[in-house]
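Report on the following structure.
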Ligand code: ATP
Ligand code: MG
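Numbering (full-length UniProt numbering), first residue to last: 10 to 220.
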């Protein structure tokens, strides 16, 4: 993600973090809906480097995940992709990402961190959660199979929103590819073609190349 000459400085910026292994329509609908509901100037998709919550030996190399995110978002002028997490060494922490985005966009920007219900639940259990809430407003989206409740949420720091429910997960997409089942219409067409071209997810040991 670089500054574009001539573009007005964005004031309200959504951040959609994820492993995106692969990116699917659930991610894209969440970004699009929250952009609409919160009148965001843009949404930045941030593929994770080494997610500390996941077994990194099972995560596809970052460059594939980054390229798929670029392909999936390319046609939407409001969507951008950032390399900040994949270019940063060591495990990925959201707090570092929010601090870095704040310094890129400047102190005036309002950041909205977009998550699904499952990810929001996990975030609320983190230690430095108060500092996270100081850096961004959090937006939790419903996700089939995960319940969102507003009990225990800090006042004014988190919004829960209803988006069109899509029961799609990256885990399910990877499984389907491995079993030879179609993923058309669960992910953008370009992602189906990228996965076919690279052979990603065909085999537990080989998928993603070097692991
Ligand atoms: P995996 O199965 O590998 O964990 P995933 O489908 O959960 O993949 P992630 O990259 O882990 O995708 O998720 C990134 C963010 O997108 C998280 O905040 C997650 O809650 C949210 N998200 C993923 N799928 C959906 C969906 N279908 N609807 C709403 N939010 C979603
Ligand atoms: Mg997930």
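From the three backbone atoms N, C-alpha and C, an ideal C-beta is built for every residue, glycine too. Please read all numbers here as calculations on a predicted model, not as lab measurements.
Contact fails between the segment 70-79 and the segment 128-144, because fewer than three Cβ pairs, one in each stretch, are under 8 Å apart.
At least one heavy atom of the ligand ATP is found less than 6 Å from the C-beta of residue 152. Distance from the CA atom of residue 27 to the CA atom of residue 88, rounded to whole angstroms, is 14 Å. Unbroken beta strand (DSSP E) stretches of 3 residues or longer found wholly inside the segment 11-43: 21-27, given in chain order. Pairing residue 85 with residue 191, the inter-Cα distance amounts to about 25 Å. A distance below 7 Å separates the beta carbons of residue 31 and residue 179.
For residue 127, the distance from the CB to the nearest heavy atom of the ligand ATP is below 6 Å. Bridge pairing for residue 193: 196 [DSSP]. If you draw a straight line from the Cα of residue 50 to the Cα of residue 193, it comes to about 30 Å.
Counted as a single uninterrupted DSSP element, the beta strand (DSSP E) harbouring residue 167 occupies residues 167-170. Every alpha helix (DSSP H) stretch that sits fully inside the segment 135-188 and reaches 4 residues is listed by chain position as 138-144 and 179-187.
DSSP, read as helix, strand or coil, puts residue 103 in helix. For the 7 Å CB-CB criterion, residue 77 and residue 210 do not form a contact.
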